[in-house]
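Peer 1: For what it's worth, the working numbering labels the leading residue of the sequence shown as 63, then goes sequentially.
Note that CB positions come from ideal geometry on N, CA and C, so glycine has one too.
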Amino acid sequence: MRSINGYEIIDTIYEGKNSIIMRGIAQSNKKPVVIKTLRNEYPNQEELARFRREYEINLKAREVSQIFSLENSNDTLLMTWEDVGADSLEHLLYNSPS
63 MRSINGYEII DTIYEGKNSI IMRGIAQSNK KPVVIKTLRN EYPNQEELAR
113 FRREYEINLK AREVSQIFSL ENSNDTLLMT WEDVGADSLE HLLYNSPS
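#1: Counting pairs of Cβ atoms below 8 Å between the segment 66 to 76 and the segment 84 to 97, do you hit three or more?
#2: Note down, in chain order, each residue of its chain lying with its Cβ closer than 8 Å to the Cβ of residue 109, except the 5 sequence neighbours on either side.
#3: Taking C-alpha atoms, which residue in 63, 115 and 106 lies nearest to residue 137?
#4: The beta strand (DSSP E) with residue 47 in it runs from where to where?
#5: Just checking my contact of residue 98 with residue 63 at CB under 8 Å: how many whole Å lie between their CB atoms?
Right, dumping it as structure tokens:
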């Protein structure tokens, strides 16, 4: 199984133009997490700054599941949240009965 920064990757939830969101397990405490990382393996300063701003906004958002960390991972960044087991909006829209 693939791992990033001490997180075992279980599944890829979403792949967008700028980011990838994965479901994983923290190897340190075996808790489920959601991991978001930049798609670009070598992001520029603007992409890194935008990702940091997104992290700061998520810290203040009470409606969002608890955000755990912003971490350096080689030449990029990753964010982790608690995994509340929810499906993506895209999955719900395309898989719900009409």
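Peer 2: Concretely, from the data shown:
#1: yes
#2: Reading the sequence shown from its first residue, position 47 is the one you call residue 109. Within the same chain, residue 109 has close Cβ partners 80, 100 and 102.
#3: Working through the sequence shown from its first residue, we reach residue 137 at position 75. Closest option to residue 137, Cα to Cα, is 106.
#4: One cannot answer for residue 47 here, as it falls past the ends of the chain, which runs 63 to 160.
#5: The sequence position of residue 98 within the sequence shown is 36, counting from 1. The sequence position of residue 63 within the sequence shown is 1, counting from 1. Their Cβ separation, rounded to whole angstroms, is 19 Å, which puts residue 98 and residue 63 out of contact at 8 Å.
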